[in-house]
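J.: Just so it is clear: in the sequence shown, position 227 is 227 by UniProt numbering, and no numbers are missing. Each residue gets a CB set at the ideal place from its N, CA and C atoms; glycine is no exception.
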Amino acid sequence: MSRRPRIALVVPTVELGAYWKPVLDDLATRCEEVRLFTAMPWRGIREEEVHPAGRVTVVGEKRRVTTSGDSESDYGGGVMVLSPAITSALWRFRPDVVVTSGFSLWTMLALALRPVARWRVVLLWEGSSPRVDFRDDARRTIQRRRVALAADAIVTNSPGGRDYLVDHVGIPAGRVEQVPYMVPDPTTLAGGTPPSPEPTGTVTVLSVGRWEPRKGVLTLLEVIAGLEEDLRRRVRVRLVGAGPEADAIQRLVADAGMEDMVELVGWVPYEELGAQMAAADLLAFMTHEDTWGMVALEAMAVGTAVLCSRWAGAHGLVDPELIVDPHDVEGTRETLARLLQDPERITALGSRAAERMAGHRPSHAAGRLYDAARRAAGPRT
1 MSRRPRIALV
11 VPTVELGAYW
21 KPVLDDLATR
31 CEEVRLFTAM
41 PWRGIREEEV
51 HPAGRVTVVG
61 EKRRVTTSGD
71 SESDYGGGVM
81 VLSPAITSAL
91 WRFRPDVVVT
101 SGFSLWTMLA
111 LALRPVARWR
121 VVLLWEGSSP
131 RVDFRDDARR
141 TIQRRRVALA
151 ADAIVTNSPG
161 GRDYLVDHVG
171 IPAGRVEQVP
181 YMVPDPTTLA
191 GGTPPSPEPT
201 GTVTVLSVGR
211 WEPRKGVLTL
221 LEVIAGLEED
231 LRRRVRVRLV
241 GAGPEADAIQ
251 RLVADAGMED
261 MVELVGWVPY
271 EELGAQMAAA
281 DLLAFMTHED
291 TWGMVALEAM
301 AVGTAVLCSR
311 WAGAHGLVDP
321 ELIVDPHDVE
331 GTRETLARLL
341 QDPERITALG
351 SRAAERMAGH
361 RPSHAAGRLY
371 DAARRAAGPR
381 T
């Protein structure tokens, strides 16, 4: 294709994905036109960002049908129900390339329409985790293999995502490109009002995310509660989020006598998140299961060290000395204790984190997605 392509980004939900906006803005400078189609836009999206004024088209609404055996987690199983109106929305836009996320109905519809619409399809796979992979579901694996093999190109964020597609789904290794495309924007994170400073000589540990079992907030509090007293006195904990474990968190804090050192902040707007992260000494991301883990990268981008679970897809971008297994509470506690004994080391690791993220900006992500779209739009072999 000699001209610049028209690209449709098809992502069923970007509810917590305000980081897509700078990627869209950058793609707009490379493409003839780019549009994001979603059933759930990011919180706080402005009217001027929505089509026809903006680059986001909202198609129907996303809902998840669950059974009694499914959990309250967003990784809790069930079926994502999406509007078939995506077909008419894409037809009106007439893209050259549809860049679509995951193995949803929308991806299958984009592939079904390809022979008539004559667009190409790039499949995005965020990453791997047990309750997203469904490795024990043979029928689903076969379906995913058919969808992935039908795509013109495949891009995944993480090595774990690549391993899943190649080793489990059975996609030839040469067809799967692994590049981080979900990355934070330091400029967006630079605003906000910093929280009140903590006392001199303390270390602020921040947790950001939904308060549910998968995210490991109770694990973090258990780790801190078991620290030796002289180390525990140095810690101040800020919990940003909300969710079904709120009562359990409050009980654990009270039972451990940590009321004076733990603050339950609640949710904060995305534009305030960077200030919360920059004010912390350490972000603790204790997830038990995450296909990616954007919050870890956001903290790194503003120069905050991240104590990161090995079960986060994004852990490959984190300094190896900061990777822990939250299932090993004692081992995680030992790592945290070492850090608390050397606050200057935490600061140095934060600076190193910012350096690591310097090569992972929205402009880089946009460039990688654009290159994948250009290759997919090229002559068929």
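(1) With the cut-off set at 8 Å, would you say residue 369 and residue 27 are in Cβ contact?
(2) Bridge partners of residue 300, per DSSP?
(3) With residue 252 as the anchor, note down where its alpha helix (DSSP H) starts and where it stops.
(4) Please report the Cβ distance between residue 240 and residue 207, rounded to the nearest whole angstrom; I am assuming they are in contact, meaning their Cβ atoms lie under 8 Å.
(5) Can you give me the start and stop residues for the beta strand (DSSP E) that residue 80 sits inside?
(6) When the Cα of residue 17 is compared with those of 183, 163, 33, 122, which residue comes out closest?
(7) Roughly how many angstroms lie between the CA atoms of residue 192 and residue 23, to the nearest whole one?
(8) Which of the three DSSP states, helix, strand or coil, is assigned to residue 290?
(9) How would you label residue 259, buried or exposed, when you count the other beta carbons within 10 angstroms and need 16 or more for buried?
(10) Whole-angstrom Cβ separation of residue 54 and residue 270, contact assumed at under 8 Å?
(11) So residue 201 and residue 234 are in contact, right, with Cβ under 8 Å, and what is the actual spacing, rounded?
(12) Compute the minimum distance between the beta carbon of residue 184 and the heavy atoms of the ligand ATP, and state whether it is under 7 Å.
(13) For residue 6, write down the residues that DSSP places opposite it in a beta bridge.
(14) Can the beta-carbon of residue 397 be found closer than 8 Å to that of residue 123?
(15) When you compare only the Cα positions, how much space is there between residue 71 and residue 114?
(16) Between which two residues does the beta strand (DSSP E) holding residue 239 run?
(17) Out of 82, 46, 189, state which residue places its alpha-carbon closest to the alpha-carbon of residue 61.
(18) Check for me: the alpha helix (DSSP H) holding residue 135 runs from which residue to which?
(19) Could you check the C-alpha separation between residue 25 and residue 41 for me, to the nearest Å?
(20) Applying the 10 Å Cβ sphere with the 16-neighbour rule, what's the burial state of residue 374?
(21) Can you say whether residue 104 is buried or exposed, counting buried as having 16 or more other CB atoms within 10 angstroms of its CB?
(22) What does the alpha-carbon distance come out to for the pair residue 20 and residue 355?
(23) Using only alpha-carbon positions, find the residue among 152, 367, 63 that is nearest to residue 379.
(24) Output the distance between the C-alpha atoms of residue 186 and residue 350, rounded to the nearest integer angstrom.
T.: So, from the listed chains and residues:
(1) yes
(2) DSSP lists no partner for residue 300.
(3) 246 to 255
(4) 7 Å
(5) 79 to 81
(6) 183
(7) 21 Å
(8) strand
(9) exposed
(10) Incorrect: roughly 17 Å between the Cβ atoms, too far for contact.
(11) 7 Å
(12) Of ligands this structure carries none, so the ligand ATP is not represented either.
(13) 33
(14) No answer is possible for residue 397: it lies beyond the span of the chain, which begins at 1 and ends at 381.
(15) Since pLDDT at residue 71 reaches only 49, below the 50 mark, its modelled position is unreliable, and no value is offered.
(16) 235 to 240
(17) 82
(18) Taken as a continuous stretch (DSSP letters only), residue 135 belongs to no alpha helix (DSSP H), as it is neither H nor E.
(19) 16 Å
(20) buried
(21) buried
(22) 22 Å
(23) 152
(24) 14 Å
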